[in-house]
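Report on the structure given below.
2 protein chains.
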Amino acid sequence: MGEIPNQSPDDQSPEDQGPEPVVLTVCTTCRPEGSDPEAPRPGRILADRLAGSALPEGVTVRGVECLSACKRSCTLHLSGGPARWGYIYGDLDPDAHLDEILAGAAAYASTEDGFVPWRERPVVFRKQSIARIPPVSMPSVALTPTQAPGAQTEDTPDTPALQSAKD
Amino acid sequence: MGEIPNQSPDDQSPEDQGPEPVVLTVCTTCRPEGSDPEAPRPGRILADRLAGSALPEGVTVRGVECLSACKRSCTLHLSGGPARWGYIYGDLDPDAHLDEILAGAAAYASTEDGFVPWRERPVVFRKQSIARIPPVSMPSVALTPTQAPGAQTEDTPDTPALQSAKD
Chain V
8 MGEIPNQSPD DQSPEDQGPE PVVLTVCTTC RPEGSDPEAP RPGRILADRL
58 AGSALPEGVT VRGVECLSAC KRSCTLHLSG GPARWGYIYG DLDPDAHLDE
108 ILAGAAAYAS TEDGFVPWRE RPVVFRKQSI ARIPPVSMPS VALTPTQAPG
158 AQTEDTPDTP ALQSAKD
Chain G
8 MGEIPNQSPD DQSPEDQGPE PVVLTVCTTC RPEGSDPEAP RPGRILADRL
58 AGSALPEGVT VRGVECLSAC KRSCTLHLSG GPARWGYIYG DLDPDAHLDE
108 ILAGAAAYAS TEDGFVPWRE RPVVFRKQSI ARIPPVSMPS VALTPTQAPG
158 AQTEDTPDTP ALQSAKD
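Structure (structure tokens):
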């Protein structure tokens with residue numbers, strides 16, 4: 008376990024290589040405002056407890072030193088390769104949320120695209136999402152390239168939007 | 008600058024395949040609280056203007072329908088493949104921030120790991136970050152697997168943390 012997948016952009020189809028590992032990336036450094044700076048950080052406690060849990064199949068945990076979402080301590084990023092949605096959750100409590108996080112990660116890992124139906128997500132994932140990130144290959148909505156007011160006209164502003172990574 | 012230390016077991020080295028495209032993923036649907044729901048969404052305006060700009064080399068723009076960071080409208084995700092840091096920015100203004108976003112994307116695209124020195128980031132990227140996401144291959148800090156208080160002892164909870172992508 009804990010293998011890092013072939014991340015190649017030329018070969019992202021999960022059908023080709025089996026599902027990518029799911030990673031719970033936990034910020035181990037942030038702390039709630041007003042808390043004792045010398046006390047163990049909640050994110051560190053959460054990461055250690057996740058590491059000490061029976062993680063769902065295909066799920067690993069990684070501690071990192073800053074997810075730069077310090078006001079929403081403690082935070083984690085749920086990801087599973089370029090074909091899956093990614094999610095960032097905050098305001099997590101290692102005492103209250105461990106089991107829900109494990110259940111949510113299991114549900115996520117069982118999908119190919121990381122999209123778990125709303126009602127099947129644990130409450131903490133429904134209520135405490137900070138942001139989500141679409142799969143790399145999700146195509147753009149159709150855009151209407153527009154000059155900003157007052158923009159200088161370039162000679163060759165021929166830089167179309169990413170149309171998509173179809174197929 | 009931004010060199011990546013031992014990025015991968017399976018060889019994700021950007022030297023081998025050239026840098027990955029940088030993508031500005033803009034939420035085109037969120038809107039500031041209290042604004043007219045019929046009015047064009049600021050994120051849509053931003054995405055259209057980015058698409059109509061002379062984008063830095065290697066940078067594309069993608070509009071998506073929700074980054075689930077609605078309270079920080081408008082929002083974008085800056086990414087560039089699994090070897091780069093990813094960033095989510097919020098409270099963006101298509102009138103005020105277009106040039107800074109383009110400059111920040113250019114600086115980001117010039118790095119291998121997506122890490123632009125703080126002082127070289129545009130102010131909007133310094134002040135309006137919602138979260139950042141480490142490269143896929145960034146190893147975990149050393150964790151101390153711990154049983155949660157009251158956790159049942161499993162027969163074989165032998166699920167160590169992701170140790171890292173050594174070498």
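Quick mapping for you: the protein sequence lines, in order, are chains V and G. In terms of this note's numbering, the first sequence is residues 8 to 174. In terms of this note's numbering, the second sequence is residues 8 to 174. Just so it is clear, CB atoms sit at the ideal spot from N, CA and C, and this is done for glycine as well. Just so you know, these numbers come straight off a predicted model, no measurement behind them.
If we ignore side chains and look at the alpha-carbon of each, how far apart do residue i and residue j end up?
i: tryptophan 125 of chain V; j: glycine 157 of chain V; result: 43 Å
i: glutamine 170 of chain G; j: tyrosine 94 of chain G; result: Unreliable positioning characterises glutamine 170 of chain G in this predicted model, as indicated by a pLDDT of 44, which lies under 50. A coordinate reading is not provided.
i: glutamate 127 of chain V; j: alanine 114 of chain V; result: 8 Å
i: glutamate 64 of chain G; j: alanine 58 of chain G; result: 13 Å
i: valine 71 of chain V; j: valine 71 of chain G; result: 28 Å
i: proline 49 of chain V; j: alanine 103 of chain V; result: 11 Å
i: glutamate 27 of chain V; j: glycine 87 of chain V; result: 6 Å
i: aspartate 174 of chain V; j: methionine 145 of chain V; result: For aspartate 174 of chain V, the predicted model reports a pLDDT of 35, less than 50, meaning its position is unreliable and no value from the coordinates is stated.
i: alanine 149 of chain V; j: valine 148 of chain G; result: 41 Å
i: glycine 111 of chain V; j: glutamine 154 of chain G; result: 19 Å
i: tyrosine 96 of chain G; j: alanine 61 of chain V; result: 34 Å
i: histidine 84 of chain V; j: glutamate 45 of chain V; result: 25 Å
i: threonine 32 of chain G; j: aspartate 98 of chain V; result: 25 Å
i: arginine 133 of chain V; j: isoleucine 137 of chain G; result: 18 Å
i: arginine 69 of chain G; j: alanine 116 of chain G; result: 16 Å
i: glycine 25 of chain V; j: arginine 51 of chain G; result: 36 Å
i: glutamine 135 of chain G; j: valine 131 of chain V; result: 25 Å
Exposed or buried, residue i, counting other C-beta atoms within 10 Å across all chains shown (16 or more means buried)?
i: aspartate 55 of chain V; result: buried
i: aspartate 120 of chain G; result: buried
i: valine 143 of chain V; result: buried
i: valine 30 of chain V; result: buried
i: proline 89 of chain G; result: buried
i: glutamate 40 of chain G; result: exposed
i: valine 123 of chain V; result: buried
i: proline 42 of chain G; result: The sequence given here has serine at residue 42 of chain G, not proline. Exposed, because fewer than 16 other Cβ atoms sit within 10 Å of the Cβ of serine 42 of chain G.
i: threonine 151 of chain V; result: exposed
i: alanine 168 of chain V; result: Reliability fails at alanine 168 of chain V, whose pLDDT of 46 lies under 50, so the model's placement of it is uncertain and the value that follows must be treated cautiously. Label assigned to alanine 168 of chain V: buried.
Check the DSSP bridge columns for residue i and list the partner residues they point to.
i: alanine 138 of chain V; result: V:Ile95
i: leucine 85 of chain V; result: V:Leu31, V:Tyr94
i: glycine 70 of chain G; result: G:Val33
Going by C-alpha distance, which of the options is nearest residue i?
i: aspartate 100 of chain V; options: V:Pro47, V:Thr151, V:Thr67; result: V:Pro47
i: leucine 53 of chain V; options: V:Thr82, V:Met145, V:Ala116; result: V:Thr82
i: arginine 79 of chain G; options: G:Val66, G:Thr35, G:Pro152, G:Ala110; result: G:Thr35
i: arginine 38 of chain G; options: G:Pro129, G:Leu74, G:Val68, G:Glu27; result: G:Leu74
i: isoleucine 108 of chain G; options: G:Val66, G:Glu45, G:Thr153; result: G:Val66
i: proline 129 of chain G; options: G:Thr151, G:Leu105, G:Ile140; result: G:Leu105
i: threonine 118 of chain G; options: G:Arg139, G:Ile137, G:Arg91; result: G:Arg91
i: isoleucine 140 of chain V; options: G:Leu62, G:Cys77, G:Gly25, G:Asp43; result: G:Cys77
Could you tell me which uninterrupted alpha helix (DSSP H) segments, each at least 4 residues in length, are contained entirely in the stretch 43–70 of chain V, listed from first to last along the chain?
49–58
Can you check the stretch 100–146 of chain G for any alpha helix (DSSP H) of at least 4 residues that lies completely inside it and give the ranges in chain order?
105–116, 130–134
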